[in-house]
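**Student:**
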Amino acid sequence: MPKPITHWKDGATFDGVSGRWADVTNPATGQVSGRVALAGAEDAQAVISSARAASRAWAETSLARRTQVVFAFRELLDRRKDELAQLITAEHGKVHSDALGEIARGQEVVEFACGISHLLKGSHTENASTGVDVHSKRVPLGVVGIISPFNFPAMVPMWFFPIAIAAGNAVVLKPSEKDPSAAVWIAGLWKEAGLPDGVFNVLQGDKVAVDALLRSPDVAAISFVGSTPVAEHVYEVAGRHGKRVQALGGAKNHMVVLPDADLDLAADAAVSAGYGSAGERCMAISVLVAVDPVGDELVARIAARTRTLVVGDGSRAASEASAAREADLGPLITEAHRTRVAGLVASGEAAGAELVIDGRQLRPRGDSAGFWLGPTLFDHVGPEMDIYTEEIFGPVLSVVRVASYAEAVALINANEYGNGTAIFTRDGGAARRFERDVQVGMIGVNVPIPVPVASYSFGGWKRSLFGDTHAHGSEGVHFFTRAKVVTTRWVDPADRSGGGLELGFPRNV
Ligand code: NAD
């Protein structure tokens, strides 16, 4: 019997009244494991109202108390992360160690938020004008909406909610309907950590739930992560409804390998960053730019490593059942997505790219009826081909060969996305030049997935991010607070001068 996965409001599960439900599937087995509630407008309003009712008291709770609750959440998460990782693997399909990795990166933001008091300090100027003092402060926004994609059901929400909550906001999280259980588990953990009911809520659903959040006058800001067309829709609609918005979109990340690079390091990095999590990462490497004459040798080393990868059910139970090591990568998220990725592989072949390794015929370890597609490697890919222009979001690595560094940079800068990129070289000067030349938000030097640590901010350029604020770090604190400046005059009891009528515009003297 599939388990029901419901909304969460007022500190408890909530079925909603829409009567709409969607199946949740284990991608490694193809079996339906749950049914998730899909909110209607009335359900969305009920969940948003829970947040609204709690937001005032939470904003007025002392910073010391708020950060103590965040700290308690961090301790519980650290202790019980294995449970969360199992839920993620069962609905997303990524292998257990990878699920633990995403939790660890989310936990970094929780740890950052424990120290938010330093970043919420205002400034004060005494006697800015005669007898007048000025101080500034940053105050919470109220209710904030977080809309997240399927590929990081724990980490992406954690880019936002620890900071939003520590800063004094109430949260409505709308997770992906494909892997919705992690959000409800997190809600339970917040309750255990002592967060007052209503400060953290979960709204399950699809476009109906998203559009309700974007239009609600009770929601002050939206943090969205997902595909570019939906990010653009979210940015426009939420903006039109007067909200602060950050909408992170899709990606096509290039890794440049210069002829002087350590080729073993580069091949390891390309395979790990191209095929980890079955390529379903916004920071995955999907294009390898091989600068002449490095192509033949690099492709040979990548192909040799790729052939050693184990694809299979990544749940801890599966790896315990098998005497062999844990699988390196799991299945794709849905049958429809697997069909799309297989179609793109066919289109690359038809367009004349050289298919070095074809993952479409893969039989996974255990041979289960999941949504399998093995690591796939293309060489001699042209920038006009669909496999180059489309975000594939699967385990498909495309090698583009270029004659020079300048050609590599031109390729990256002509791409519509600008999320992440990397360069592999032993030449510090070339790496420094690259850092300045590329129009991309996050850059790695001999690091293939340059996701910034929590104290810096995460975000791409161009059509990888709509809005001007990146996630977490000081930009995250800025996003979830707004400024007030207070100008104060207290009359000195020993000197009561300074009164009298003055209708001219007040000057500072
Ligand atoms: P998606 O855009 O399909 O869904 C994201 C969220 O939007 C989900 O909660 C979903 O329910 C909702 N949604 C879907 N269609 C909608 C619509 N028409 N109107 C309103 N809401 C809608 O994305 P996904 O398939 O879940 O995730 C993969 C995408 O996310 C990839 O493009 C990936 O690059 C991107 N992503 C980007 C980053 C980043 O940091 N830039 C991080 C992770 C994922």
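Numbering that gives the first Met the number 0 numbers the first residue of the sequence shown as 0 and each following residue consecutively.
All C-beta atoms, glycine included, are put in the ideal place defined by N, C-alpha and C.
#1: Smallest Cα separation from G486: which of R506, K206, S473 and G499?
#2: Take the Cβ of T88 as the centre, count every other Cβ of all protein chains shown within 10 Å, and call the residue buried at 16 or more, exposed below.
#3: For the stretch 79 to 119, which segments carrying the beta strand (DSSP E) assignment without a break, of at least 3 residues, lie completely within its bounds, in sequence order?
#4: From the DSSP output, in three-state form, read off F13 for me.
#5: Whole angstroms is fine: what's the gap from D312's alpha carbon to W184's?
#6: Count the other CB atoms within 10 Å of the CB of E101; is the residue buried (16 or more) or exposed (fewer)?
#7: Mind the definition here: the stretch 11 to 28 touches the stretch 357 to 370 only if three or more C-beta pairs lie below 8 Å; say whether that holds.
#8: Report the three-state DSSP secondary structure of L76 (helix, strand or coil).
#9: Hey, is R339 close to the ligand NAD, as in C-beta under 8 Å from one of its heavy atoms?
#10: Enumerate in chain order the residues of its own chain whose CB-to-CB distance from G351 is below 7 Å, with the five nearest sequence positions on each side excluded.
#11: Using 8 Å as the Cβ pair cut-off and three pairs as the minimum, do the stretch 57 to 71 and the stretch 105 to 120 touch?
#12: Can you give, in chain order, each stretch of the alpha helix (DSSP H) that sits fully within the stretch 238 to 301 and has at least 4 residues?
#13: I think L140 touches N168, with their Cβ atoms under 8 Å apart; what is that distance to the nearest whole Å?
#14: Report, in whole angstroms, the separation of the C-beta atoms of L262 and L297, which I expect to be a contact under 8 Å.
#15: Any heavy atom of the ligand NAD inside 8 Å of the beta-carbon of R104?
#16: Give me the residue from V255, G278 and Q245 with the minimum Cα distance to N150.
#17: Just checking G329 against the ligand NAD - is the residue's beta carbon closer than 8 Å to any of the ligand's heavy atoms?
#18: Check whether the Cβ of H253 lies closer than 8 Å to any heavy atom of the ligand NAD, and answer yes or no.
#19: Helix, strand or coil for E390? Go by DSSP, reduced to three states.
#20: Taking the alpha carbon of D426 as the reference point, which residue from V270, P148, H336 and Y404 has its own alpha carbon closest?
#21: From G39 to K483, what does the alpha carbon distance come to, in whole angstroms?
#22: With three or more beta-carbon pairs closer than 8 Å as the criterion, would you say the stretch 408 to 418 touches the stretch 262 to 272?
#23: Excluding the 5 residues flanking F433 on each side, which residues of the same chain have their C-beta closer than 6 Å to its C-beta?
#24: Would you call the CB atoms of F377 and G347 closer than 9 Å?
#25: Would you kindly work out how many angstroms separate the C-alpha atoms of L502 and T480, rounded to a whole number?
#26: Roughly how many angstroms lie between the CA atoms of F111 and E59, to the nearest whole one?
#27: In or out: H123 buried (at least 16 other Cβ within 10 Å) or exposed?
#28: If we define contact as Cβ-Cβ less than 9 Å, is T420 a contact residue for chain C?
#29: Any chance the stretch 194 to 205 sits against the stretch 222 to 239, with 3 or more Cβ pairs inside 8 Å?
#30: Closer than 8 Å to a non-hydrogen atom of the ligand NAD - does that hold for the CB of R435?
#31: Leaving aside the five residues before and after A192 along the sequence, list all residues of the same chain whose C-beta is less than 7 Å from its C-beta, in chain order.
#32: In its own chain, which residues sit with a C-beta less than 6 Å from the C-beta of R337, not counting the 5 before and 5 after it?
#33: With a threshold of 8 Å, establish whether the CB of K206 neighbours any heavy atom of the ligand NAD.
#34: Let me know the secondary structure DSSP gives V485 once reduced to three states.
#35: So, at 8 Å on beta carbons, what are the nonlocal neighbours of T12 in its own chain, with the 5 sequence-adjacent residues on each side left out?
#36: From the DSSP output, in three-state form, read off N126 for me.
**Tutor:** The structure says:
#1: Looking at the sequence provided, one finds Thr at residue 486 rather than Gly. Ranking the options by Cα distance to T486, first place goes to R506.
#2: T88 should be labelled buried.
#3: Fully contained in the stretch 79 to 119 is no beta strand (DSSP E) run of length 3 or more.
#4: In the structure shown, F13 adopts extended strand secondary structure according to DSSP, grouped into three states.
#5: Rounded to the nearest whole angstrom, the C-alpha separation of D312 and W184 is 22 Å.
#6: Residue environment: E101 is assigned as buried (16 or more neighbouring CB atoms within 10 Å of its CB, all protein chains considered).
#7: Yes, the stretch 11 to 28 is in contact with the stretch 357 to 370.
#8: DSSP places L76 in helix when its eight states are reduced to three.
#9: R339: no, Cβ never under 8 Å from the ligand NAD.
#10: Answer for G351: no residue qualifies.
#11: Yes: the two stretches touch, three or more of their Cβ pairs being nearer than 8 Å.
#12: Unbroken alpha helix (DSSP H) runs of no fewer than 4 residues, entirely contained in the stretch 238 to 301, are found at 262 to 274, following chain order.
#13: In this structure L140 touches N168 by the C-beta definition: roughly 6 Å separates them, less than 8 Å.
#14: Taking a contact as a CB-CB distance under 8 Å, the pair L262 and L297 counts as one, their CB atoms being some 6 Å apart.
#15: Not one heavy atom of the ligand NAD lies closer than 8 Å to the C-beta of R104.
#16: Answer by Cα proximity: G278.
#17: For G329, the distance from the CB to the nearest heavy atom of the ligand NAD is not below 8 Å.
#18: When distances are taken from the beta-carbon of H253 to the heavy atoms of the ligand NAD, even the shortest one reaches 8 Å or more.
#19: Coil.
#20: Comparing Cα positions, the closest option is Y404.
#21: Between G39 and K483, the C-alpha separation is close to 36 Å.
#22: They do not touch, by the three-pair rule.
#23: Once the five neighbours on either side are set aside, the close Cβ partners of F433 are I422.
#24: Taking 9 Å as the Cβ cut-off, F377 and G347 qualify as a contacting pair.
#25: Straight-line Cα distance between these residues: approximately 35 Å.
#26: Annotation: F111 to E59 spans about 21 Å, alpha carbon to alpha carbon.
#27: Under this definition H123 is an exposed residue.
#28: Judged by its chain identifiers, the structure shown contains no chain C, having just a single protein chain.
#29: At 8 Å Cβ cutoff, the stretches do not touch.
#30: A distance criterion of 8 Å places the beta-carbon of R435 beyond contact range of the ligand NAD, judged by its closest non-hydrogen atom.
#31: Answer for A192: V68, A71, F72 and L75, listed in chain order.
#32: So the qualifying residues of the chain are L331, F370 and L372.
#33: True, at least one ligand heavy atom lies under 8 Å from that Cβ.
#34: Reduced to three states, the DSSP call for V485 is strand.
#35: Excluding sequence neighbours, T12 sits near T5, H6 and V183.
#36: The DSSP-derived three-state label of N126 is strand.
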